[in-house]
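Residue numbers (full-length UniProt numbering): 1 to 177. Here a beta-carbon is modelled for each residue, glycine too, at the ideal position from N, C-alpha and C. Model, not experiment: these values are computed from the prediction.
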């Protein structure tokens, strides 16, 4: 298995074709989600994926797309998939670990946000994601929004909390003369 985390410009034409083919196989064919998959975000995203034997017709076994979330200072992860042949074998776990690492490298200090099927909540919580919205119906699937705070933002938050508590406990002892 060969893992890659590439900007759009770094992806070869063959890799792009295989990524789009895998996304269509999972989202359009398997999950019956009729939609325009190339949505204009691919060109500004980081693409994390694993391939096995590139000469096969469906070598992309795991994939996720990461892009800046705009004003919220978040990284958005979407188009998350694993090949049906590689589910429940640790591939999805390896994908999310690589997604978190890529987000931290590219956008240090930002939270990571994704939408997850409700039945995968526990899977994502194992990586530090926490539910922040939902559940709601997303094309027939009960879905929740989840966020994972970055270690940097968690450390900064803890520091500010400690500092605030210490300042709140201080008493001004300056006397007027």
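Out of curiosity, what's the CA-to-CA distance linking residue i and residue j?
| i | j | result |
| --- | --- | --- |
| residue 142 | residue 62 | 22 Å |
| residue 117 | residue 60 | 22 Å |
| residue 220 | residue 105 | Nothing about residue 220 can be reported from this structure: the residues present for the chain run from 1 to 177 only. |
| residue 51 | residue 134 | 33 Å |
| residue 178 | residue 43 | The structure shown does not extend to residue 178, since the chain is modelled only from 1 to 177, so the question has no answer here. |
| residue 122 | residue 144 | 12 Å |
Buried or exposed for residue i, please, with buried defined as at least 16 other CB atoms from any protein chain shown within 10 angstroms of its CB.
| i | result |
| --- | --- |
| residue 156 | The predicted position of residue 156 is uncertain, since its pLDDT is 46 and thus under 50; a value taken from the coordinates is nonetheless stated next. The residue in question, residue 156, is exposed, as its Cβ has fewer than 16 Cβ neighbours within 10 Å. |
| residue 36 | exposed |
| residue 114 | buried |
| residue 74 | buried |
| residue 17 | exposed |
Among the options, which has the Cα closest to the Cα of residue i?
| i | options | result |
| --- | --- | --- |
| residue 14 | 7, 55, 64 | 55 |
| residue 110 | 88, 147, 122, 90 | 147 |
For residue i, write down the residues that DSSP places opposite it in a beta bridge.
| i | result |
| --- | --- |
| residue 82 | 62 |
| residue 117 | 143 |
Are residue i and residue j touching if we call contact CB-CB under 8 Å?
| i | j | result |
| --- | --- | --- |
| residue 66 | residue 83 | no |
| residue 6 | residue 47 | yes |
| residue 26 | residue 77 | no |
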